[in-house]
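Encoded as structure tokens, the structure appears first; notes follow it.
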Amino acid sequence: MNNMKKPMSAFFLFLAGCAAAHAETAPLRDDFMMAPIVFRRSQIPPAEQRYYQAQVLSEPAAPTSDEPPLWVSDHVLLDHRDIQSAEAGWDALRMPAIDITLTRGGMQKLYQITRQYRGSRLVLVDGESHTVISAPHVYKPIWGGRVQAGGTGSFAENPMLARQIAEHGEFRAGSERPRAGFSLMRAYRRKPSATQEFTVWRQAACTFTAQDFSHIERGDASDNAGKTVLRLPLNARGRQKYQSPACLDAESGEMALLYGQPAELGNVNVKEDGQAFYLFGAIGKDMNDYWNILARQD
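Reading the sequence shown from the start, the letters are residues -23 to -1, 1 to 275 in mature numbering (1 follows the signal peptide of the UniProt record, and there is no 0).
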């Protein structure tokens, strides 16, 4: 798969070295999995679909916070007619996001709009409820017709929100201060916080379980800005699986951490070098929290 073919940076190799040099070890919990996942079956090439199976994941309840209202232009710059598709996914921080593809005409409009409103906010609005979904600052013109709306709530709710954007999405100018021709608009209201389930597609032939690793290590990398790295050395079975055609030839999905019954999605970065997997850069939890989650307490 793609990220198996990407070499680790020198910075990350240094962190991994710190982890190996000062390691605390423990056995892995039995229901641990590491596997490439995608959020939509359409992302899997037909030749690879036999390797994938549906995986139901649980999304724990999380505190909700209401975003403050924003001043939004009454003038619509782009609307749903300029949106070719909107699909649920995740962003670079592995947080819920919506991937939006514009039509050819929408692509040209967006480029002109982002040139004009550089340094300002471009607001993605639900045109049906007249609420703000996302309001990023524009730092440079956007060309190519693809944008990503982050901060969209939860993985479980994202497919519904993606459909709402495809059918009623609008782009407008935004401002933190009152302006002529602008109205105060509230944030899109998410569902009340509760545990929910959602489905992803997991590459079954390239799924690593606790039986594919010898143990888990917690590295002391405190000399490098307090970065903690968890290292999971592959055993002989795991190395054989890593070198299998199903893993090396797959092009779809990103390696993800799964644990629990029903499984939860770990919000961490994953790298591998053929001998071990490395977990780092947690969002929402400290890496030491993941140590407490993944290390089996015998």
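A virtual CB, placed ideally from N, CA and C, is assigned to each residue, including glycine. Computed from a predicted model, the values in this text were never measured in an experiment.
Applying the 10 Å Cβ sphere with the 16-neighbour rule, what's the burial state of residue i?
{"i": "residue 90", "result": "buried"}
{"i": "residue 7", "result": "exposed"}
{"i": "residue 137", "result": "exposed"}
{"i": "residue 161", "result": "exposed"}
{"i": "residue 32", "result": "buried"}
{"i": "residue 260", "result": "exposed"}
{"i": "residue 117", "result": "exposed"}
{"i": "residue 67", "result": "buried"}
{"i": "residue 15", "result": "buried"}
{"i": "residue 187", "result": "buried"}
{"i": "residue 222", "result": "exposed"}
{"i": "residue 277", "result": "Nothing can be reported for residue 277: it is not among the residues displayed for the chain, which extend from -23 to 275."}
Among residues of its own chain, excluding the 5 on either side of residue i, which ones have a beta-carbon nearer than 7 Å to its beta-carbon?
{"i": "residue 135", "result": "65, 73, 75, 129"}
{"i": "residue 215", "result": "185, 189, 190"}
{"i": "residue 258", "result": "245, 246"}
{"i": "residue 252", "result": "210, 211"}
{"i": "residue 274", "result": "none"}
{"i": "residue 49", "result": "100, 102, 109, 149, 151, 159, 160, 162"}
{"i": "residue 94", "result": "115, 150"}
Just to check my reading of the structure: residue i and residue j have Cβ atoms closer than 8 Å, yes? What is that Cβ distance to the nearest angstrom?
{"i": "residue 271", "j": "residue 34", "result": "In fact, because the Cβ distance is near 16 Å, the residues do not count as touching under 8 Å."}
{"i": "residue 55", "j": "residue 147", "result": "7 Å"}
Measuring alpha carbon to alpha carbon, tell me which residue in the options is nearest residue i.
{"i": "residue 61", "options": "243, 138, 112, 143", "result": "143"}
{"i": "residue 266", "options": "206, 233, 225", "result": "206"}
{"i": "residue 96", "options": "17, 112, 83", "result": "112"}
{"i": "residue 115", "options": "88, 132, 102, 140", "result": "88"}
{"i": "residue 204", "options": "123, 79, 125, 256", "result": "256"}
{"i": "residue 131", "options": "269, 173, 187, 237", "result": "173"}
{"i": "residue 82", "options": "59, 12, 149, 193", "result": "59"}
{"i": "residue 57", "options": "222, 101, 183, 231", "result": "101"}
{"i": "residue 225", "options": "183, 248, 233", "result": "183"}
{"i": "residue 234", "options": "268, 213, 119", "result": "268"}
{"i": "residue 119", "options": "237, 3, 12, 79", "result": "79"}
{"i": "residue 219", "options": "230, 237, 238, 254", "result": "254"}
Tell me which same chain residues have a C-beta within less than 6 Å of the C-beta of residue i, skipping the five on either side of it?
{"i": "residue 29", "result": "21, 178, 180"}
{"i": "residue 98", "result": "112, 114, 151"}
{"i": "residue 1", "result": "195"}
{"i": "residue 44", "result": "164"}
{"i": "residue 63", "result": "75, 77, 139, 142, 143"}
Using a Cβ cut-off of 8 Å (strictly closer), state whether residue i contacts chain B.
{"i": "residue 37", "result": "Going by chain labels, chain B is absent from the structure shown, which holds only one protein chain."}
Under 8 Å Cβ to Cβ from residue i, same chain only, skipping five residues before and after it: list those, please.
{"i": "residue 36", "result": "131, 132, 133, 172, 173, 174, 175, 241, 242"}
{"i": "residue 263", "result": "205"}
Is the region 21 to 28 in contact with the region 100 to 117, if contact means three or more CB pairs nearer than 8 Å?
-> no
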